[in-house]
Every structure is written in structure tokens, then in C-alpha cells.
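Numbering (my numbering), first residue to last: 142 to 235. Quick reminder that beta carbons are idealized off the backbone N, C-alpha and C, glycines included. This structure is a prediction, so every number in the text was calculated from the model and none was measured. Structure first, then comments.
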């Protein structure tokens, strides 16, 4: 199986459009730090992760805004975006 980025883009845009139609235009950042599991451990279901580091949502957000401002987008930005999207989804589930 492969992940079709065009389909991901469609799904993402539909979700964002729905949130906006529901009047959700901004998510409050009530928590800032998060635990991060390195990728080589994250996708290994046979071994319990024993190595963690911390990330910071506000830092990820500012970094991405700076990337847009400077028109320098790299593949790693997707990871920072994923942390923010996870937080948004968790906030909306509350």
C-alpha cells in the first residue's frame, strides 16, 4: 500500500473547510510541550519505547511561520505540522 499525497491533500482541505464552516478558526494553545518518540521506535510495535525527547508546539508553529515568511519549506516541516495537527485533533476531541 502507498499513501497518495493528492488524496491526503483533498482530505486535509475538506477537514479544514469543515472546521471553518463550523466557526473554528483558531485553536487555543493551552499545553505547549509534548513527548516525542523517535521514529525508529515509534513504528516498532514489538518493543516498548524507552527513549523520549520533548518538543514544543509554540516553537514548531513559529518555525513553520518563519519558513513561510522566508519561503523555505523542507520535508521536515511536515513533522512539525504533524505535531500541531495532533494537538488540534486532541483539542477538538475534548
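Whether residue i touches residue j by CB criterion (7 Å)
i, j, result
"residue 208", "residue 218", "yes"
"residue 178", "residue 190", "yes"
"residue 196", "residue 175", "yes"
"residue 198", "residue 158", "no"
Residues bridged to residue i (per DSSP)
i, result
"residue 194", "177"
Close beta carbons around residue i, own chain, < 8 Å, minus the five adjacent residues each side
i, result
"residue 205", "218, 221, 222, 225"
"residue 145", "none"
7 Å Cβ shell around residue i - same chain, five flanking residues per side excluded
i, result
"residue 193", "176, 177, 178"
"residue 228", "198"
Cβ contact check for the stretch 219–233 and the stretch 163–176: 3 or more pairs under 8 Å: These segments touch.
Segments assigned alpha helix (DSSP H), at least 4 residues, entirely inside the stretch 145–171: Counting whole runs of 4 or more residues, the stretch 145–171 contains the alpha helix (DSSP H) stretches 146–162.
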